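Visitor:
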Ligand SMILES: [Fe+2]
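Right, here's the structure in full:
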């Protein structure tokens, strides 16, 4: 391999390494919707369950309130938790529910200094993970 070709390959590799993570993340997350987790657009096998499972995100200043309008029927059927993730799906915070005490799946998160896209997961013990997105 000539030195010129080696440098071209090296530069392509560096460029690919810089660009690929964003593209790979976007590609991976979109292909997981409807299988690993569910969204309004990709409800997969739970297409009749969207209204009760999709987390509703309300942003007010530096606070995020999340509501999942789902029944809390003891351990039989309930929302296990809400998880707040950043734009790269990294963990920020979570709120666990006690189905014997909590009457509704409502969480309040403080964003601190974080700005950008947030993802909120809502986990049902029967109908899996549901994802909503908002900009803060
Ligand atoms: Fe459910």
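Residue numbers (our numbering): 1 to 136.
We put the CB at the ideal spot given by N, CA and C, even for glycine.
Since this is a predicted model, take the numbers as computed values, not measurements.
Assign residue 91 to one of two classes, buried (16 or more other C-beta atoms within 10 Å of its C-beta) or exposed (fewer than that).
Guide: Residue 91 is exposed by the Cβ-count criterion.
Visitor: With a threshold of 6 Å on Cβ separation, who are the neighbours of residue 106 within its own chain once the five nearest residues in sequence on each side are excluded?
Guide: Within the same chain, residue 106 has close Cβ partners 67.
Visitor: Could you check whether the region 33-43 touches the region 119-129, counting it as contact only if at least three pairs of C-beta atoms, one from each stretch, sit closer than 8 Å?
Guide: Touching, yes.
Visitor: Can you give me the C-alpha to C-alpha distance between residue 136 and residue 111, rounded to a whole angstrom?
Guide: C-alpha separation (whole angstroms): 9 Å.
Visitor: Between the alpha carbons of residue 113 and residue 96, how many angstroms are there, rounded?
Guide: Roughly 23 Å between the two C-alpha positions.
Visitor: Could you please give me the residues that DSSP links to residue 63 through a beta bridge?
Guide: According to DSSP, residue 63 bridges with 60 and 110.
Visitor: Which residues in the same chain as residue 57 place their Cβ atom closer than 7 Å to its Cβ, once the five residues preceding and following it in sequence are excluded?
Guide: Correct list, in chain order: 64, 66, 120, 132 and 134.
Visitor: Compare the beta carbon distance of residue 94 and residue 77 with 8 Å and say whether it is the shorter of the two.
Guide: Going by C-beta atoms, residue 94 is not nearer than 8 Å to residue 77.
Visitor: Residues around ligand 1, please: the ones whose beta-carbon is closer than 5 Å to some heavy atom of it, in chain order.
Guide: For ligand 1, the selected residues are 124, 126 and 127.
Visitor: In or out: residue 127 buried (at least 16 other Cβ within 10 Å) or exposed?
Guide: Residue 127 should be labelled buried.
Visitor: Using CA coordinates, which residue listed in 129, 125 and 87 is at the minimum distance from residue 117?
Guide: Ranking the options by Cα distance to residue 117, first place goes to 87.
Visitor: Only counting the same chain, and skipping five residues up and downstream in sequence, which positions put a Cβ closer than 7 Å to that of residue 44?
Guide: 34, 35 and 38.
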